[in-house]
Amino acid sequence: IDNILDLASIDAGAIDLEMTTVDVRDVVTSAVDGIRERASRAKVTVDVGIADDLRTFRADQSRVRQILFNLVSNAIGFSKPGDTVFVSAWRDPVSVVFEIVDQGIGIPDGDRDRIFERFVSQSQGSKHRGAGLGLSIVKSVAELHGGSVELNSKPNDGTRVIVRLPHNAEVAPAVTPSVTPTVIGQAQSPTPAEVLPSSQKLG
């Protein structure tokens with residue numbers, strides 16, 4: 033219900049982002065802690081790496097947490113016992129970049145083009161089946177910040193989602209969010225370890 037209300041508010045231009053200085057380590061830790069029990073039950077490890085030079089940026093902290101929570105939750109849901117979900121964050125010249133990579137079952141070619149549409153929910157043979165709103169919320173909230181979402185995935189080769197949010201986001205004009213994702217190539221290995229000096233594991 034909350035997700036439906038959020039999407040309705042975005043469509044109506046009635047959602048207000050509360051822009052503050054966001055501590056990246058705190059918001060990532062908060063999102064991961066919110067799903068710690070589920071990761072433990074699923075026997076999935078969550079590995080967090082945040083670049084040392086990334087400390088704060090301007091955004092709506094609760095919405096950034098919502099993005100990360102939805103993506104990590106999704107990654108865990110499509111992972112197998114013993115898998116690892118990698119959560120990484122670093123800074124590029126214009127954006128703060130969050131990357132969530134799983135080793136799960138991946139997304140078939142025919143489904144990737146619809147993955148950000150509302151009420152599109154595919155179990156892909158796993159036990160995970162939601163209302164199909166989580167990724168739509170992620171894309172909508174990222175775009176409200178003036179950011180973007182990219183996804184790449186192949187069957188049995190995991191999924192990588194990259195969210196880019198501007199360093200100093202200004203609230204974007206409210207528009208009905210597009211539903212076609214940006215799909216890039218084949219899922220790749222996680223960000224090199226040297227970019228991720230700090231690590232936190234759970235599960």
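Using my numbering, you'd call the opening residue of the sequence shown number 33 and step up by one each time. Each residue gets a CB set at the ideal place from its N, CA and C atoms; glycine is no exception.
- For R73, the secondary structure class from DSSP, reduced to helix, strand or coil, is helix.
- By the neighbour-count criterion, in which a residue is buried when 16 or more other Cβ atoms sit within 10 angstroms of its Cβ, G109 is buried.
- Secondary structure note for R192: its beta strand (DSSP E) is the uninterrupted segment 191 to 198.
- Rounded to whole angstroms, V104 and Q98 show a C-alpha spacing of 10 Å.
- By the neighbour-count criterion, in which 16 or more other beta carbons inside 10 Å mark a residue as buried, R95 falls on the buried side.
- Per the coordinates, the alpha-carbon of T191 lies some 25 Å from the alpha-carbon of H199.
- Sixteen is the threshold: since fewer than 16 other Cβ atoms of the shown chains lie within 10 Å of the Cβ of D85, the residue is exposed.
- DSSP places A121 within a strand segment (E or B) once states are collapsed to three.
- Looking from the CA of T53, the closest CA among K171, P140, R90, E69 belongs to R90.
- The Cβ-Cβ distance between V129 and D79 does not fall below 9 Å.
- Membership of S127 in the beta strand (DSSP E) is indicated by the continuous run 127 to 134.
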